[in-house]
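Single-structure report; data block below.
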Amino acid sequence: MSTTEKIDFLKNHLSQIDEGFLNVFYDMMLSQLNKKSTGFELTESQKKELDRRWEIHKSGKSKSYTWEEVKQSIGAK
Numbered sequence: 864m865s866t867t868e869k870i871d872f873l874k875n876h877l878s879q880i881d882e883g884f885l886n887v888f889y890d891m892m893l894s895q896l897n898k899k900s901t902g903f904e905l906t907e908s909q910k911k912e913l914d915r916r917w918e919i920h921k922s923g924k925s926k927s928y929t930w931e932e933v934k935q936s937i938g939a940k
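Here it is, written out as structure tokens:
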């Protein structure tokens with residue numbers, strides 16, 4: 864199947880896929896397009912997860928370590 868045929872196929876069938884798959888497909892497309900321009904891009908779900916973890920960190924509900932503590936912990940093993 865040629866690139867043009869694949870694009871036409873996608874155009875014709877996108878309205879028929881379920882929303883969950885559409886969201887995954889959309890995130891993959893954005894990620895791929897952003898990689899070409901920046902070399903790296905998080906998906907929306909990855910950004911949401913980072914935001915969630917950042918809120919937990921800011922609230923004091925998670926344990927944080929300095930870089931020195933991490934190096935000492937690794938060296939102690």
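If you're matching positions, the sequence shown starts at 864 in my numbering and goes up one per residue. Even glycine gets a Cβ: it sits at the ideal position worked out from N, Cα and C.
message: Could you check whether the Cβ of L913 sits closer than 8 Å to any Cβ belonging to chain D?
response: Included in the structure is just one protein chain, with no chain D present.
message: What ranges does the alpha helix (DSSP H) occupy inside the region 869 to 932, keeping only unbroken runs of at least 4 residues that lie completely in it?
response: 882 to 901, 907 to 921
- prompt: Rounded to a whole number of angstroms, what is the C-alpha to C-alpha distance between K924 and E912?
  reply: 16 Å
Helix, strand or coil at S865 [DSSP, three-state]: coil
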